[in-house]
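Visitor:
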Ligand code: BGC
């Protein structure tokens, strides 16, 4: 395995997935392994489950020296410490997560926010490749994750999914989980997205929106319903973007 390979692991509220990534092409060079996130999402259980997933990836590459490892997670992460927990156990708040994983794995890791990883991946290998100015990536899933990139440089921990809109946390109304929970039609959900993206536009005047998360594979159902002044395009890497970005950021 070449030295421009790294492992990316994406920890989410329902699944933990990982693969080895070719950092030149941005392609997965092993099968993507996915396991269920342990019930409750507590730190000790997630560390154990992630260690088992990592052992399977290490076995797949058969390297003498371990590959660089990036891990992304659905929380604000500053200097390796998780500072929030919107859809995961509150035990993560204030935890020295990077250190906890490093001790459990016996190796150095790079620990970052999941939307930031996805945004970095789309900027380097996907829909925002070569984009100039301000790109805002949003992931529409259980929550809304956001990444801000200016001329390809990531400004981490933007958390614009938690903007207060019409008296509610934006992600509670406009995340994909809200559509599922409330059995909304595409049209009804798109009205909420319109309100959300228009508000982002007014606040930040971006040059491009990229829409990620698994639901972006159905982008024809909702992106044409939005009326914005900013171009809005689907992500290219969807559910693999976190893995790609975590692996790529591990090398920086
Ligand atoms: C969290 C973010 C995360 C996003 C997507 C939000 O609820 O606050 O940190 O990026 O969900 O997982």
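Numbering (my numbering), first residue to last: 2 to 253. Positions of the beta carbon are idealized from the N, C-alpha and C atoms, including for glycine. Keep in mind that this is a model prediction, so the values were computed, not measured.
#1: First and last residue of the beta strand (DSSP E) that includes residue 238?
#2: Candidates 47, 17, 118: which alpha carbon is nearest residue 242's?
#3: If you reduce the DSSP assignment to three classes, tell me which class residue 219 lands in.
#4: Is the Cβ-Cβ distance between residue 85 and residue 43 less than 7 Å?
#5: Quick check on residue 131: buried or exposed, where buried means 16 or more other Cβ atoms within 10 Å of its Cβ?
#6: Residue 20 lies in the beta strand (DSSP E); which residues open and close that run?
#7: Got a sec? Which residues, its chain only, sit under 6 Å from residue 1 by beta carbon, not counting five neighbours each side?
#8: Cβ atoms of residue 5 and residue 24: under 7 Å apart, would you say?
#9: Quick test of the definition: if touching needs 3 or more C-beta pairs under 8 Å, does the segment 165-172 touch the segment 203-210?
#10: Between residue 122 and the ligand BGC, is there a pair consisting of the residue's CB and a ligand heavy atom that are separated by less than 6 Å?
Guide: Checking against the coordinates, here is how it stands:
#1: Boundaries for residue 238: no beta strand (DSSP E) harbours it, and the DSSP string shows neither H nor E there.
#2: The option with the nearest alpha carbon to residue 242 is 118.
#3: Helix.
#4: Taking 7 Å as the Cβ cut-off, residue 85 and residue 43 do not qualify as a contacting pair.
#5: Answer is exposed; the Cβ neighbour count stays below 16.
#6: Its beta strand (DSSP E) spans residues 16-23.
#7: With the chain running from 2 to 253 in the structure shown, residue 1 is simply not present.
#8: In contact: residue 24 and residue 5 (Cβ atoms closer than 7 Å).
#9: Verdict: no, contact absent.
#10: Not under cutoff, so the answer is no.
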